[in-house]
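Step one of this worksheet: look at the structure below.
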Amino acid sequence: MTALAKLTDRFTEADIDDEIVVMRLDNGEFFSLAGTGAIIWRLIDGTRDRKGLLTALAGEFDGDEAEIASDVDEFLAQLKETGLLAG
Amino acid sequence: MMERETHVSFGQVPHSLFDDLLGEMSWQLSDDRFLLRGEGDHYFLYCRGEGITVERGENIDVSEESLWLNGRVYSAIASMNGLMPIHASAVAFDDKVFAFTAPAGGGKSTLVAALANHGLPMFCDDTLLLDPSDSDRILCLPGHKRLKLRPDAVGLTCAVPREKVSKTVDKFYAEPAAGDVGVALPLGELVFLETGPQPVIAPIAGAERFVRMQDDHYTAHLFAEARKFDRAGLFTHLARMATQIPMARFVRPVDAASFEEGVELVANRVKSRGLT
């Protein structure tokens with residue numbers, strides 16, 4: 000599968016404590032990523048596809064794999080919808 | 000630098016920097032000039048490297064002049080010269096500055112005056128100038144304004160009142176009981192004053208620190224315009240401030256009965272944070 004890729008020319012970001020603040024450059028809209036969202040965001044580094052992402056997350060969290068996959072898919076869809084992720 | 004740039008002379012000034020006429024209580028900013036119009040025909044022009052020229056039209060209230068000069072004009076000059084003014088009053092302890100920010104009337108000056116009774120000298124009143132030129136830390140420049148208190152705050156803090164601030168402003172100048180500090184110091188913490196049922200102080204962390212950096216009042220806008228930030232540049236600046244400035248919120252009821260309890264809480268925090 001194709002590696003998940005951030006649309007890095009469309010946003011800028013900053014780490015503040017354990018959270019990440021992301022701003023879309025075209026409209027100035029802000030997003031705050033904390034907890035699991037911040038972990039997933041950091042794991043999307045251009046080398047992992049969805050399966051690789053889930054494998055990496057399995058090492059971080061105990062829990063039902065199907066449930067984790069569902070949550071990840073929902074989060075990835077949100078990132079695509081907000082224009083931060085290719086696909 | 001600020002002393003040199005804020006030198007005041009009197010004379011005629013242009014009434015606009017651009018084609019548009021300047022309305023009362025508004026300002027214009029160009030690369031090297033700032034023009035403010037107060038009430039009526041009261042104009043303040045700052046030219047970089049030349050200081051301030053004040054034009055007094057007919058029927059202006061001269062007693063308001065120092066408020067304009069020490070307020071918006073001073074903040075504009077600071078911003079145009081790389082300093083970041085924020086709406087805060089502050090005390091100093093152990094070579095660090097502890098600043099308190101809130102909207103106008105939010106209790107900044109009253110708190111600083113009361114902290115003097117706990118041995119904490121005033122660093123500034125109402126406007127705190129931050130110098131971000133050192134990438135490793137945020138330095139604070141000592142205040143240029145005298146402490147101003149409402150009559151009820153004078154009673155609450157036992158400060159010694161001096162003359163009235165102006166004909167129309169119901170505040171008095173007052174001397175901070177623990178004196179003031181006149182040297183630049185690093186910023187120890189920025190505390191946001193809020194109202195709530197009982198006095199409590201809690202740290203602010205994560206993305207909220209970034210949001211809080213946009214929470215400041217007119218000065219943030221002035222600074223952003225003077226620095227000519229684009230969207231990404233402003234983001235980088237705010238993120239740096241959010242990362243380097245420790246922040247907390249001080250929540251307290253606005254009533255005289257619990258005032259001293261809250262002041263003691265803040266004094267203890269300042270003294271404990273100052274020693275870390």
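As given, the protein sequences belong to chains R and V, one line each in that order. Its first residue numbered 0, the first sequence is counted upward by one per residue in numbering that gives the first Met the number 0. Its first residue numbered 0, the second sequence is counted upward by one per residue in numbering that gives the first Met the number 0. C-beta atoms are modelled at their ideal positions from N, C-alpha and C, and glycine is treated no differently. Being a predicted model, the structure only gives us computed values, none of them experimental.
(request) With a 10 Å radius around its C-beta and 16 neighbouring C-beta atoms as the bar for buried, classify V/M121 as buried or exposed. (result) Translated into the one-based positions of the second sequence, residue 121 of chain V becomes position 122. The Cβ neighbour count for V/M121, taken over all protein chains shown within 10 Å, is at least 16; the residue is labelled buried.
(message) DSSP three-state label for V/E207, please.
(response) Taking the second sequence and counting its residues from 1, the one referred to as residue 207 of chain V is at position 208. If DSSP states are grouped into helix, strand and coil, V/E207 belongs with the helices.
(message) Measuring only the C-alpha atoms, how far is R/R23 from V/D31?
(response) Position 24 of the first sequence, counting from 1, holds the residue named residue 23 of chain R. Position 32 of the second sequence, counting from 1, holds the residue named residue 31 of chain V. V/D31 has its alpha-carbon roughly 31 angstroms from the corresponding atom of R/R23.
(message) Need the endpoints of the alpha helix (DSSP H) that V/A113 sits in, please.
(response) The sequence position of residue 113 of chain V within the second sequence is 114, counting from 1. Taken as a continuous stretch (DSSP letters only), the alpha helix (DSSP H) holding V/A113 covers 107–114.
(request) Check the Cβ of V/T5 against every Cβ in chain R and list those closer than 8 angstroms, keeping chain order. (result) Counted from its first residue, the second sequence places residue 5 of chain V at position 6. In chain R, no part has a C-beta under 8 angstroms from the C-beta of V/T5; the shortest such distance is about 33 angstroms.
(message) Taking only three categories from DSSP, how would you classify V/S65?
(response) Locating residue 65 of chain V in the second sequence gives position 66, where the first residue counts as 1. It is helical.
(message) Counting only Cβ pairs nearer than 7 angstroms, list the residues of chain V close to R/V20.
(response) Here residue 20 of chain R refers to the residue found at position 21 of the first sequence. At a beta-carbon threshold of 7 angstroms, the residues of chain V lying near R/V20 are A206, F209, A238, ordered along the chain.
(request) Taking V/P141 as the reference, give the member of V/L127, V/P150, V/E54 with the closest Cα. (result) The residue labelled residue 141 of chain V in the question sits at position 142 within the second sequence. Comparing Cα-Cα distances from V/P141 to each of V/L127, V/P150, V/E54, the minimum goes to V/L127.
(request) Would you mind stating whether R/M47 and R/L83 have Cβ atoms separated by less than 8 angstroms? (result) One-based indexing of the first sequence puts residue 47 of chain R at position 48. One-based indexing of the first sequence puts residue 83 of chain R at position 84. One detail in the question is off: residue 47 of chain R reads as Arg in this sequence, not Met. Cβ distance not < 8 angstroms, so R/R47 and R/L83 don't count as in contact.
(request) Quick one: using the 10 Å Cβ neighbour count with 16 as the cut-off for buried, is V/R211 buried or exposed? (result) Against the second sequence, residue 211 of chain V aligns to sequence position 212. Burial of V/R211 is indicated by the presence of at least 16 other C-beta atoms within 10 angstroms of its C-beta.
(message) Distance check for V/R239 and R/F74, CA to CA, integer angstroms please.
(response) Translated into positions along the first sequence, residue 74 of chain R becomes position 75. Translated into positions along the second sequence, residue 239 of chain V becomes position 240. Each residue's alpha carbon lies about 27 angstroms from the other.
(message) Is there a Cβ of chain V sitting closer than 8 angstroms to that of R/G27, yes or no?
(response) For this step, residue 27 of chain R is matched to residue 28 along the first sequence. Output row for R/G27: interface = yes.
(message) Using 8 angstroms for Cβ pairs, my map puts V/V96 next to V/L237. What's the rounded Cβ distance?
(response) If you number the second sequence from 1, residue 96 of chain V lands on position 97. If you number the second sequence from 1, residue 237 of chain V lands on position 238. Between V/V96 and V/L237, the beta carbon gap of about 20 angstroms keeps them out of contact (Cβ cut-off 8 angstroms).
(message) With a threshold of 8 angstroms between beta-carbons, can R/T11 be considered close to chain V, or not?
(response) Numbered from 1 along the first sequence, position 12 holds the residue referred to as residue 11 of chain R. Yes, R/T11 counts as interfacial toward chain V.
(request) Would you verify that the beta carbon of R/I15 is, or is not, closer than 8 angstroms to some beta carbon of chain V? (result) Residue 15 of chain R sits at position 16 when you count from the first residue of the first sequence. Closer than 8 angstroms: yes.
(request) Return the Cβ separation of R/A33 and R/D14 in integer angstroms, given the expectation that the two are a contact with Cβ distance under 8 angstroms. (result) Residue 33 of chain R sits at position 34 when you count from the first residue of the first sequence. Residue 14 of chain R sits at position 15 when you count from the first residue of the first sequence. 11 angstroms between Cβ atoms; not a contact.
(message) Using the three-state DSSP reduction, which class does V/A87 fall into: helix, strand or coil?
(response) Counting from 1 along the second sequence, the entry for residue 87 of chain V is found at position 88. Reduced to three states, the DSSP call for V/A87 is strand.
(message) Please state the DSSP three-state secondary structure of V/F258.
(response) Reading the second sequence from its first residue, position 259 is the one you call residue 258 of chain V. Secondary structure of V/F258 (DSSP, three-state): helix.
(message) Would you call the segment 164–176 of chain V in contact with the segment 139–156 of chain V, where contact means no fewer than 3 C-beta pairs closer than 8 angstroms?
(response) They touch, by the three-pair rule.
(message) Less than 6 angstroms between C-beta atoms, sequence neighbours within five positions excluded: which residues of the same chain meet that for V/P175?
(response) Residue mapping note: residue 175 of chain V aligns to position 176 of the second sequence, counting from 1. A115, M121, L146, listed in sequence order.
(request) State the Cα-Cα distance for the pair V/G48 and V/M79, rounded to the nearest angstrom. (result) Within the second sequence, numbered from 1, the residue matching residue 48 of chain V stands at position 49. Within the second sequence, numbered from 1, the residue matching residue 79 of chain V stands at position 80. Annotation: V/G48 to V/M79 spans about 11 angstroms, alpha carbon to alpha carbon.
(request) For R/L24, go through chain V and note every residue whose CB falls closer than 8 angstroms to its CB, in chain order. (result) As a first step, residue 24 of chain R must be located in the first sequence, where it is residue number 25. Going along chain V in sequence order, the residues near R/L24 (Cβ under 8 angstroms) are R230, A231.
(request) Check the Cβ of V/A241 against every Cβ in chain R and list those closer than 7 angstroms, keeping chain order. (result) The count along the second sequence starts at 1 and reaches residue 241 of chain V at position 242. What V/A241 touches in chain R, judged by beta-carbon distance under 7 angstroms, is I15, going in chain order.
(message) Quick check: what's the CA-CA separation for V/T194 versus V/A241?
(response) Along the second sequence, one-based indexing puts residue 194 of chain V at 195. Along the second sequence, one-based indexing puts residue 241 of chain V at 242. Going from the Cα of V/T194 to the Cα of V/A241 covers about 23 angstroms.
(request) Answer with buried or exposed for V/N58, where buried requires no fewer than 16 other C-beta atoms within 10 angstroms of its C-beta. (result) Walking along the second sequence from the start, residue 58 of chain V turns up at place 59. By the neighbour-count rule (16 or more Cβ atoms within 10 Å), V/N58 is not buried but exposed.
(message) Using a Cβ-Cβ distance cut-off of 8 angstroms, determine whether R/A33 contacts chain V.
(response) Numbered from 1 along the first sequence, position 34 holds the residue referred to as residue 33 of chain R. Proximity of R/A33 to chain V, defined by a Cβ-Cβ separation below 8 angstroms, is satisfied.
(request) Grab me the residues of V/H117's own chain with a C-beta within less than 6 angstroms of its C-beta, minus the 5 sequence neighbours each way, in chain order. (result) Position 118 of the second sequence holds residue 117 of chain V. Its chain contains A266 as the residues whose beta carbon lies nearer than 6 angstroms to that of V/H117, once the 5 sequence neighbours on both sides are disregarded; these appear in chain order.
(request) Tell me, please, which residues DSSP counts as bridged to V/D130. (result) Position 131 of the second sequence, counted from the first residue, corresponds to residue 130 of chain V. Note: V/D130 sits in a beta bridge opposite V/L138.
(request) For the alpha helix (DSSP H) holding V/H236, just list the boundary residues, first then last. (result) Counting from 1 along the second sequence, the entry for residue 236 of chain V is found at position 237. Where V/H236 is concerned, the enclosing alpha helix (DSSP H) stretches over 230–243.
(message) Please report whether the beta-carbon of V/F234 lies at a distance below 8 angstroms from any beta-carbon of chain R.
(response) The residue given as residue 234 of chain V occupies position 235 in the second sequence. Yes, V/F234 lies at the interface with chain R (some Cβ there is under 8 angstroms from its Cβ).
(request) For V/P84, count neighbouring C-beta atoms within 10 Å of its own C-beta (all shown protein chains included) and say buried if the count is 16 or more, exposed if not. (result) Stepping through the second sequence from its first residue, residue 84 of chain V is reached at position 85. By the 10 Å Cβ count, V/P84 comes out buried.
(message) Closest to R/E12 by C-alpha separation, out of R/F29, R/T1, R/M0, R/D25, would be which residue?
(response) Translated into positions along the first sequence, residue 12 of chain R becomes position 13. Distance check between R/E12 and each of R/F29, R/T1, R/M0, R/D25 places R/F29 closest, using alpha-carbon atoms only.
(message) Any beta carbon of chain B sitting closer than 8 angstroms to that of R/G45?
(response) In the structure shown, chain B cannot be found, because the protein chains are R and V.
(message) Am I right that V/S74 and V/T218 are in contact with their C-beta atoms under 8 angstroms? What's the rounded C-beta distance?
(response) To locate residue 74 of chain V, count along the second sequence from 1; it is residue 75. To locate residue 218 of chain V, count along the second sequence from 1; it is residue 219. V/S74 to V/T218, Cβ: 5 angstroms. Contact.
(request) For V/W26, write down the residues that DSSP places opposite it in a beta bridge. (result) On the second sequence, residue 26 of chain V is found 27 positions in, with the first residue counted as 1. V/W26 pairs with V/L35.
(request) Please go through the same chain and pick out, in chain order, the residues whose beta-carbon is closer than 8 angstroms to the beta-carbon of V/A113, but skip the five residues on each side of it. (result) For the purposes of this step, residue 113 of chain V is taken as the residue at position 114 of the second sequence. Its chain contains L155, T156, F258, E259, V262 as the residues whose beta carbon lies nearer than 8 angstroms to that of V/A113, once the 5 sequence neighbours on both sides are disregarded; these appear in chain order.
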